[in-house]
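Asker: Supplied in structure tokens, the structure appears directly below.
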Amino acid sequence: MLINTALGGKNQAIGRSKGGLSTKIHARTDALGNPTGFYLTDGQVHDLNGSDVLLDLSLSQTWLMDKAYNSRDRVIDPILEAKGQVVMPAKSNSIDQRDYDRNLYQARHLIENFFAKLKQYRAIATRYDKLAQNFLSAIYLASTIIWLN
Numbered sequence: 001m002l003i004n005t006a007l008g009g010k011n012q013a014i015g016r017s018k019g020g021l022s023t024k025i026h027a028r029t030d031a032l033g034n035p036t037g038f039y040l041t042d043g044q045v046h047d048l049n050g051s052d053v054l055l056d057l058s059l060s061q062t063w064l065m066d067k068a069y070n071s072r073d074r075v076i077d078p079i080l081e082a083k084g085q086v087v088m089p090a091k092s093n094s095i096d097q098r099d100y101d102r103n104l105y106q107a108r109h110l111i112e113n114f115f116a117k118l119k120q121y122r123a124i125a126t127r128y129d130k131l132a133q134n135f136l137s138a139i140y141l142a143s144t145i146i147w148l149n
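Numbered by the numbering used here, the letters in the sequence shown go through residues 1 to 149 in order.
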């Protein structure tokens with residue numbers, strides 16, 4: 001977590017957006033859609049801020065990602081240097097329109113299905129916890145239950 005020096009305490013990953021207070025959950029899953037890692041950021045923070053923490057290149061050779069993680073310097077180049085494969089469509093306004101395996105990209109629905117299962121837990125869907133540590137613990141607990149089912 002980032003330190004908020006203005007308040008003298010830790011940032012609790014609660015951000016402000018049009019819809020009110022929000023938190024982004026960044027998740028890494030395996031090939032079966034089971035969770036392997038999480039990171040929380042404020043709701044208004046760009047998705048790339050969570051990618052640095054979850055990008056452990058020793059875990060996988062193929063990375064299925066959302067368009068929001070489309071950054072050559074921070075995401076794509078490190079994966080390619082580690083002899084990995086990036087399966088992610090380029091943004092529509094991107095100059096570099098690279099090819100990707102469309103059939104393999106369809107497996108990204110497993111990640112979305114995991115988030116749908118995670119949001120079935122009311123405490124996670126509505127974030128009742130004030131502290132990021134407690135919220136992350138609830139995510140880990142719900143993920144363990146999902147994994148065991």
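From the three backbone atoms N, C-alpha and C, an ideal C-beta is built for every residue, glycine too.
1. K83: which of R74, W63, S71, Q120 sits nearest, CA to CA?
2. What residues match up with V86 in a beta bridge as DSSP calls it?
3. Can you check whether the CB of Q12 is closer than 7 Å to the CB of L131?
4. Determine, using beta-carbon pairs with one atom in the region 63 to 76 and one in the region 46 to 55, whether at least three such pairs fall under 8 Å.
5. Since I believe G37 is in contact with I111 (beta carbons under 8 Å), could you give me their beta-carbon distance rounded to a whole number of angstroms?
6. My assumption, with CB atoms under 8 Å, is that K117 sits in contact with I146. Please give the rounded CB distance.
Answerer: Reading it off the structure:
1. Sequence index remark: in the sequence shown, residue 83 carries index 83 (1-based). That would be W63, whose Cα lies nearest to the Cα of K83.
2. The residue labelled residue 86 in the question sits at position 86 within the sequence shown. V86 is bridged to W63.
3. By 1-based counting over the sequence shown, the position of residue 131 is 131. By 1-based counting over the sequence shown, the position of residue 12 is 12. It is a contact, given that the beta carbons lie within the stated cut-off.
4. yes
5. By one-based count along the sequence shown, residue 111 stands at place 111. By one-based count along the sequence shown, residue 37 stands at place 37. That pair is no contact at about 12 Å.
6. As a first step, residue 117 is located in the sequence shown; it is residue number 117 there, counting from the start. As a first step, residue 146 is located in the sequence shown; it is residue number 146 there, counting from the start. About 5 Å separates the two Cβ atoms, so the contact holds.
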